[in-house]
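Residue numbers (UniProt numbering), protein chains in the order written: chain B, 1 to 447; chain L, 1 to 447.
Next up, the structure:
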């Protein structure tokens with residue numbers, strides 16, 4: 001029997017397909033409504049999923065959009081992840097709440113404090129997805145003209161995470177004694193100032209939030225680059241990966257799990273959860289029809305915008321004709337991956353942009369419940385996944401399809417829980433509570 | 001008949017009295033529990049109060065604390081205001097949610113985005129209390145050794161508020177057309193980039209959150225200095241003032257209301273709500289007993305710490321003896337206000353620190369429901385207040401006393417609502433929705 005898997009649900013915007021907002025069942029303003037997300041989170045919790053997740057960018061990424069494309073995209077107006085997940089903490093009881101925050105345009109004290117607070121509010125269900133910001137559109141909202149170079153971003157990110165983890169250790173678990181008789185509120189030997197002085201940050205501490213129910217929130221990462229993998233191997237509890245095929249997934253899994261020992265960690269201390277966008281039907285034809293129906297809702301002006309950054313303006317060509325060979329050698333070089341894909345699979349322009357518009361980089365799986373669960377089981381058996389980050393094409397319908405059609409089959413094979421194992425996200429994921437850096441030491445206490 | 005007043009409830013920590021956490025009815029860990037704040041917010045909402053409020057500092061203010069004092073203070077471990085109020089937005093329906101955020105150690109894009117999000121989550125009940133950060137303890141959590149000088153802080157604050165207001169105008173109210181037939185999600189003529197370039201900030205925009213139910217969140221300020229009053233007169237909807245007596249309150253009220261015309265605003269566009277800490281009993285003796293009972297719960301080590309910054313270490317003196325005259329002329333100068341108070345009212349050391357420990361600068365009112373409402377009515381009649389920011393000595397008990405004992409008397413005099421006037425905080429406060437800076441203009445639209 002295949003071992004149990006973990007399942008997250010990504011719920012940004014109205015789903016991962018660019019046509020989602022035009023789907024007849026989708027509320028196009030859902031991304032600005034609490035009720036939309038309450039419906040999703042409660043359904044996911046009733047299905048015993050491990051966590052809901054919100055990806056994020058700090059601004060509208062207008063770069064490379066040709067005129068007329070941006071106004072056809074629903075990926076423009078939304079709520080902010082931390083406030084939204086905090087609201088959901090009050091109306092859910094078991095499901096994990098993972099929000100993204102950038103290390104590029106934030107300060108570690110704010111992030112440590114806000115996520116510690118979310119961990120208290122939720123009774124131990126907070127997670128932080130650690131990212132760096134790579135777009136000029138974001139840089140321009142934060143006093144810069146261009147985004148930071150790659151090396152600086154990752155160096156800053158690594159130090160940022162160290163500071164945040166340090167601040168989360170400020171209070172020992174038993175620091176608050178609350179002795180009304182003696183008037184002692186906390187034991188001063190159990191409160192610690194971090195006194196961090198580094199290249200990017202100088203942070204004294206201590207944090208003004210007591211130690212959280214999970215010891216510290218779950219750390220999530222999506223590190224695909226070498227520096228990203230290093231941050232993940234050192235600190236992450238969960239990695240959302242983006243492998244496109246099983247062999248690539250297996251190689252990534254082996255590489256990242258192998259890197260853990262360098263940081264004194266064992267392979268089971270980090271869970272790898274590739275993203276998948278599912279189209280599920282009672283028959284393969286029904287699944288394919290669901291897929292095609294959403295594809296037809298992507299206006300070619302919007303669709304061409306996904307090729308614009310690499311291939312330039314293709315609006316003069318027939319979208320149902322072949323992908324043109326660029327004359328400009330520089331464009332040929334930038335668009336190499338897309339051109340190879342188009343040639344290999346003999347795609348039209350419309351089919352080419354659909355490969356992006358249908359999931360924005362997540363792997364697509366189209367089929368019956370049996371097909372979908374076979375695929376998941378194969379990845380787990382091959383050593384390519386500990387679970388999956390579900391990225392439904394539209395919400396809530398795409399999630400409902402998975403829960404109603406695929407989840408019973410996963411359970412029938414003994415691959416997914418029927419009850420939560422505990423109360424915290426850490427307990428659901430089967431991860432140990434971290435030790436404080438001050439455990440067994442007297443150093444650093446507040447005098 | 002006195003006109004209707006507005007009422008806010010300040011709910012930081014466990015109340016405004018330093019002895020609150022030792023009160024027999026108080027849960028000393030309440031400040032880290034969602035259930036504690038849900039109880040308070042729902043009770044305040046059932047009583048039709050305008051809003052709940054959280055003051056804030058970004059770190060533990062250890063400065064000037066002598067050894068042994070900090071560990072006797074509950075003002076050390078708490079949750080972060082924005083996450084906490086976001087959680088409360090999901091379990092309340094009418095009460096306003098006002099959270100503090102510093103302009104000194106934040107970026108305007110984050111603040112604009114998060115508060116716009118809270119306004120959507122709550123259906124139009126968000127407020128931002130605008131502050132600057134003045135303590136070295138906070139500076140040291142944000143890469144600095146000392147806090148910014150006063151002038152820089154206020155200059156930055158004024159520009160910060162302008163940027164935030166500008167970002168909140170990014171989307172016209174009717175920008176989202178959501179036309180599933182044509183595929184147009186928003187009207188690009190109704191989305192505006194701010195393109196702000198100033199001394200402290202460069203922010204392009206637009207904001208990635210659509211225009212909020214209140215047009216923009218309510219802006220709150222506590223400006224007592226001249227620069228503070230200017231920011232308030234230009235932008236604030238509500239001011240929390242700290243006047244200690246009615247004459248001072250009347251003068252402040254007249255000065256601030258008089259300043260509004262400079263910014264093209266009328267006096268009724270800004271509400272002034274002085275803070276009060278009430279001790280209420282069926283008789284005056286009962287009220288006084290409640291006050292004394294809490295005072296007795298302030299350990300002298302903690303009490304002396306409130307004098308430490310101005311008067312130095314007084315631990316060698318009898319706390320129930322007279323306040324000693326400092327030999328050092330510099331100390332005499334710094335402690336001038338406290339020394340005058342001690343002489344005028346013939347206070348012991350214990351009585352002197354109690355004036356601080358009992359409300360941290362808010363005005364104390366001790367008496368029967370009749371006394372308390374007489375006092376409020378007198379302030380309103382005198383032109384010193386449009387309402388009050390209630391700062392209960394301990395929570396939830398101090399709030400319950402006000403609601404059960406004083407509120408019926410306020411209502412009997414026709415001074416407070418029996419039902420909410422609408423759904424948003426702006427409607428409760430009787431304030432108009434702001435116009436967008438782009439109304440009637442075509443400039444600034446995204447192409």
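Positions of the beta carbon are idealized from the N, C-alpha and C atoms, including for glycine.
Return helix, strand or coil for residue 200/L, following the three-state DSSP convention.
For the purposes of this step, residue 200/L is taken as residue 200 along the second chain, with counting starting at 1. Correct three-state label for residue 200/L: coil.
Run down chain L in chain order and give the residues with a C-beta less than 7 Å from the C-beta of residue 113/B.
Looking up residue 113/B in the first chain gives position 113. Neighbours of residue 113/B on chain L, chain order: 80.
Thinking C-alpha only, which one of 327/B, 308/B, 304/B and 328/B is nearest residue 318/B?
Sequence index remark: in the first chain, residue 318/B carries index 318 (1-based). Among 327/B, 308/B, 304/B and 328/B, the Cα nearest to that of residue 318/B is on 304/B.
Length of the line joining the Cα atoms of residue 314/B and residue 323/B:
As a first step, residue 314/B must be located in the first chain, where it is residue number 314. As a first step, residue 323/B must be located in the first chain, where it is residue number 323. About 9 Å.
By DSSP, does residue 231/B sit in helix, in strand, or in coil?
Within the first chain, residue 231/B is the residue found at index 231, counting from 1. If DSSP states are grouped into helix, strand and coil, residue 231/B belongs with the helices.
What residues of chain B sit near residue 295/L, judged by a beta carbon separation below 7 Å?
Mapped onto the second chain, residue 295/L falls at position 295. Result: empty, since nearest Cβ-Cβ is about 13 Å, beyond 7 Å.
Residue-chain proximity (residue 174/L, chain B), Cβ-Cβ < 8 Å:
Residue mapping note: residue 174/L aligns to position 174 of the second chain, counting from 1. Not one chain B Cβ lies under 8 Å of residue 174/L.
Report buried or exposed for residue 264/L, applying the criterion of at least 16 other Cβ atoms within 10 angstroms of its Cβ.
The sequence position of residue 264/L within the second chain is 264, counting from 1. So residue 264/L counts as exposed.
Excluding sequence positions up to five away, which residues of its chain have a Cβ less than 6 Å from the Cβ of residue 233/L?
Numbered from 1 along the second chain, position 233 holds the residue referred to as residue 233/L. Answer for residue 233/L: 259, 260 and 263, listed in chain order.
Opposite residue 36/L in the DSSP bridges: which residues?
Taking the first residue of the second chain as 1, we reach residue 36/L at position 36. DSSP lists no partner for residue 36/L.
Give me the DSSP bridge partner(s) of residue 322/L.
As a first step, residue 322/L must be located in the second chain, where it is residue number 322. Looking at the DSSP assignment, residue 322/L forms a beta bridge with 348/L.
Taking the C-alpha atoms as reference points, what is the distance between residue 118/B and residue 311/L?
To locate residue 118/B, count along the first chain from 1; it is residue 118. To locate residue 311/L, count along the second chain from 1; it is residue 311. Distance between the alpha carbons of residue 118/B and residue 311/L is about 39 Å.
With 8 Å as the threshold, decide whether the Cβ of residue 52/B is near any Cβ in chain L.
Counting from 1 along the first chain, the entry for residue 52/B is found at position 52. Among the residues facing chain L, residue 52/B is not included, as its CB has no counterpart in that chain under 8 Å away.
Using only the alpha-carbon positions, how far apart do residue 243/L and residue 228/L sit?
Against the second chain, residue 243/L aligns to sequence position 243. Against the second chain, residue 228/L aligns to sequence position 228. Between the C-alpha atoms of residue 243/L and residue 228/L there is a straight-line separation of about 15 Å.
Residue interval of the alpha helix (DSSP H) (run including residue 393/B)
Within the first chain, numbered from 1, the residue matching residue 393/B stands at position 393. Neither: residue 393/B is in no alpha helix (DSSP H) and is coded neither H nor E.
Residue 292/L to residue 25/L, Cα distance in whole Å?
Your numbering for residue 292/L matches position 292 in the second chain. Your numbering for residue 25/L matches position 25 in the second chain. About 16 Å.
Which of the residues in the stretch 305–321 of chain B, read from start to end, lie with their CB under 9 Å from any CB of chain L?
none
Can you list the residues of chain B that residue 299/L reaches, using a CB-CB cut of under 7 Å?
Taking the first residue of the second chain as 1, we reach residue 299/L at position 299. Here the neighbours are 183.
Rounded separation between residue 280/L and residue 126/L - CA only:
Here residue 280/L is taken as the residue at index 280 of the second chain, counted from 1. Here residue 126/L is taken as the residue at index 126 of the second chain, counted from 1. Answer to the nearest angstrom: the Cα atoms are 30 Å apart.
Roughly how many angstroms separate the alpha carbons of residue 7/L and residue 421/B, rounded to a whole number?
If you number the second chain from 1, residue 7/L lands on position 7. If you number the first chain from 1, residue 421/B lands on position 421. The alpha-carbon separation between residue 7/L and residue 421/B amounts to approximately 45 Å.
Given 8 Å as the limit, is there contact between the stretch 47–58 of chain L and the stretch 193–207 of chain B, that is, 3 or more CB pairs closer than that?
no
Thinking C-beta only, is residue 88/B closer than 8 Å to residue 390/B?
On the first chain, residue 390/B is found 390 positions in, with the first residue counted as 1. On the first chain, residue 88/B is found 88 positions in, with the first residue counted as 1. In terms of Cβ geometry, residue 390/B and residue 88/B do not form a close pair [threshold 8 Å].
Using a Cβ cut-off of 9 Å, pull out every chain B residue sitting near residue 29/L, in sequence order please.
The residue given as residue 29/L occupies position 29 in the second chain. In chain order: 176, 178 and 210.
Is residue 316/L buried or exposed, if buried means 16 or more other CB atoms sit within 10 Å of its CB?
If you number the second chain from 1, residue 316/L lands on position 316. Result: exposed.
Three-way DSSP call (helix, strand, coil) for residue 298/L in this model
Walking along the second chain from the start, residue 298/L turns up at place 298. In this structure, residue 298/L counts as coil in the three-state DSSP scheme.
Where DSSP assigns a beta bridge to residue 126/B, which residues make up the other side?
Here residue 126/B is taken as the residue at index 126 of the first chain, counted from 1. Bridge partners of residue 126/B: 97/B.
Any contact between the stretch 364–382 of chain B and the stretch 335–342 of chain B? By contact I mean 3 or more CB pairs, one from each, below 8 Å.
no
For residue 111/B, which of helix, strand or coil comes out of DSSP?
Stepping through the first chain from its first residue, residue 111/B is reached at position 111. Reduced to three states, the DSSP call for residue 111/B is helix.
Any beta carbon from chain L within less than 8 Å of residue 437/B's own beta carbon?
Translated into positions along the first chain, residue 437/B becomes position 437. No, residue 437/B lies away from the interface with chain L (no Cβ there is under 8 Å from its Cβ).
Output yes if chain L places a C-beta closer than 8 Å to the C-beta of residue 206/B; else output no.
As a first step, residue 206/B is located in the first chain; it is residue number 206 there, counting from the start. Closer than 8 Å: yes.
In chain order, what residues of the same chain lie with their CB nearer than 8 Å to the CB of residue 196/L, ignoring the 5 residues before and after it?
Here residue 196/L refers to the residue found at position 196 when the second chain is read from its first residue. Once the five neighbours on either side are set aside, the close Cβ partners of residue 196/L are 162, 163, 166, 202, 203, 204 and 205.
So residue 273/B is in the beta strand (DSSP E); what residue range does that whole segment cover?
Looking up residue 273/B in the first chain gives position 273. Per DSSP, residue 273/B belongs to the beta strand (DSSP E) from 271–280.
Give the straight-line distance between the Cα atoms of residue 20/L and residue 387/L, rounded to the nearest whole angstrom.
To locate residue 20/L, count along the second chain from 1; it is residue 20. To locate residue 387/L, count along the second chain from 1; it is residue 387. Taking the straight line joining both Cα atoms gives about 25 Å.
Below 8 Å, how does it come out for the stretch 143–150 of chain B and the stretch 166–182 of chain B: are there three or more Cβ pairs, yes or no?
no
Inspect the CB distances between the stretch 204–218 of chain B and the stretch 70–81 of chain L and report whether three or more fall short of 8 Å.
Using a C-beta cut-off of 8 Å, the stretch 204–218 of chain B makes contact with the stretch 70–81 of chain L, since at least three inter-stretch Cβ pairs fall below that distance.
Along the chain, where does the beta strand (DSSP E) containing residue 164/B start, and where does it finish?
Numbered from its first residue, the first chain carries residue 164/B at position 164. Unbroken run through residue 164/B is the alpha helix (DSSP H), 150–168; no beta strand (DSSP E).
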